[in-house]
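Quick notes on the structure that follows.
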DNA sequence: GTCTATAGGCCGATAGAC
DNA sequence: GTCTATCGGCCTATAGAC
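Chains as they are written, first to last, in my numbering: chain A, 2 to 202; chain B, 2 to 202.
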């Protein structure tokens, strides 16, 4: 059996990941350094390298942890009665700015780019699969609105809302939120009246 | 009269701005340093500070230059026969990734944030004013699709397309381009049949 | 306007003791 | 697993000569 020693490394790893996440959220990826992370965590900077290797490795480890949390929240949204609006709701939380920060990082770092690109595509594919069903129930032709387009639109609009809000630019944001909420509800209202009733098949 | 000496500074300033822009496009804002810029321009790094002051001042000067170019291109698009589709066309050019890079920079730099936020809002307001007319001509109720929402959607979708393309993630991009192109053309076809014909008023 | 020189600082990463 | 010590490097910015 594994006797949990007081410091077997997993606690330290968590401290380091938490510190990295906080700096990245507050000041952006460019402010992340082994020294700043260590200071934030109350550790020595060498421990960052001991536990994670290079800084890129640290970024990747943090991304994987965040992705896991996100996938669980997404799963709950997509398996709810209103997958479209529920995904929208969790997508416009300030938390999403964190995703954009990783994308900004990945665009210019070869070592993490591929993994984040694949993760992005995979998430979109999952959403599209669920949305395809919802759109079908709503009697919306996939020619008129492909499910993958709906997934893209939700990602693009929510990311831009959150990023611009962080920037302090919110021109038109209220109108956008109202517009999208209404449109997505129209889809799900239609899906409910047609699809959910087992008799209608 | 101002006798144009061989080096009155304006040529050097252009060299420095060009070098900064190239590094920012190729490697992102985090790769911009006075030394890297000077190396790219074939100059000494001290000249960067002599001509622009701090690095934030340099970023702002570059932003202002890019904004000016962008406003001219936008003006041409918005005064064309098809302002909506023309704006979409120039928005999805790879050049737009440059804008996203500035936004990513501004989110975490107080000194440049306000100016870029104001610029972002101002651009959107201009677009909305032109679109309001186009939507009116197309007999689209502003309750159904507010002009500012259309401007936001174009900005959000184009930025996300360009950023994800740079990331190497292009899941659903072709479908999105086809979908948006069609929708925007529907608006402008309707505007043409109703609005442009002077007899219809 | 451009040069040399330099102050003062943060960075990633490794070696070796415990 | 955590410590001390340290290498080599890049950074912003300024001072002062020309």
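Quick reminder that beta carbons are idealized off the backbone N, C-alpha and C, glycines included.
For chain A, the residues of the region 143-161 of chain B that bring a beta carbon within less than 8 Å of one of its beta carbons are 146, 147, 149, 150, 152, 153, 154, 156, 157, 158, 160, 161, in chain order.
Contact of residue 134(A) with chain B is not assigned, every C-beta pair being separated by 8 Å or more. In the structure shown, residue 45(B) falls within a coil segment according to DSSP collapsed to helix, strand and coil. For a cut-off of 8 Å, the C-beta gap from residue 101(B) to residue 163(B) is around 7 Å, short enough to register as a contact.
Taking a beta-carbon distance threshold of 8 Å, residue 121(A) counts as an interface residue toward chain B. The shortest C-alpha to C-alpha distance from residue 129(A) to any of 150(A), 142(A), 140(A), 111(A) is the one to 150(A).
Here residue 170(A) is buried, its C-beta having at least 16 other C-beta atoms within 10 Å. Within 9 Å of the CB of residue 39(A), no CB atom of chain B is found; the nearest one sits about 20 Å away. In terms of beta-carbon proximity, residue 72(B) stays away from the interface with chain A, with every pair separated by 8 Å or more. Scanning the region 96-149 of chain B for uninterrupted alpha helix (DSSP H) segments of 4 residues or longer gives 97-108, 111-138, listed from N- to C-terminal end. Of all residues in the region 105-129 of chain A, only 105, 107, 108, 109, 114, 115, 117, 118, 119, 121, 122, 125, 126, 129 come within less than 8 Å of chain B when Cβ atoms are compared, listed by chain position. Put simply, the backbone Cα of residue 182(A) is about 7 Å away from that of residue 86(A). Under the three-state reduction of DSSP, residue 177(B) is assigned to helix. Nearest to residue 92(B) by alpha-carbon distance, out of 112(B), 124(B), 111(B), is 124(B). Interface annotation, residue 177(A): in contact with chain B, CB-CB separation under 8 Å.
In the three-state DSSP reduction, residue 24(B) falls in the helix class (H, G or I).
Between the region 56-63 of chain A and the region 112-121 of chain A there are three or more inter-stretch CB-CB distances shorter than 8 Å, so the stretches are counted as touching. Taking all protein chains shown into account, residue 190(B) has fewer than 16 neighbouring C-beta atoms within 10 Å of its C-beta and is therefore exposed.
With respect to chain B, the C-beta atom of residue 164(A) has a partner C-beta closer than 8 Å. Where residue 193(B) is concerned, there is no enclosing alpha helix (DSSP H), because DSSP gives it neither an H nor an E. DSSP, read as helix, strand or coil, puts residue 159(B) in helix. In this structure, residue 142(A) keeps its C-beta atom at 8 Å or more from the C-beta atom of residue 195(A).
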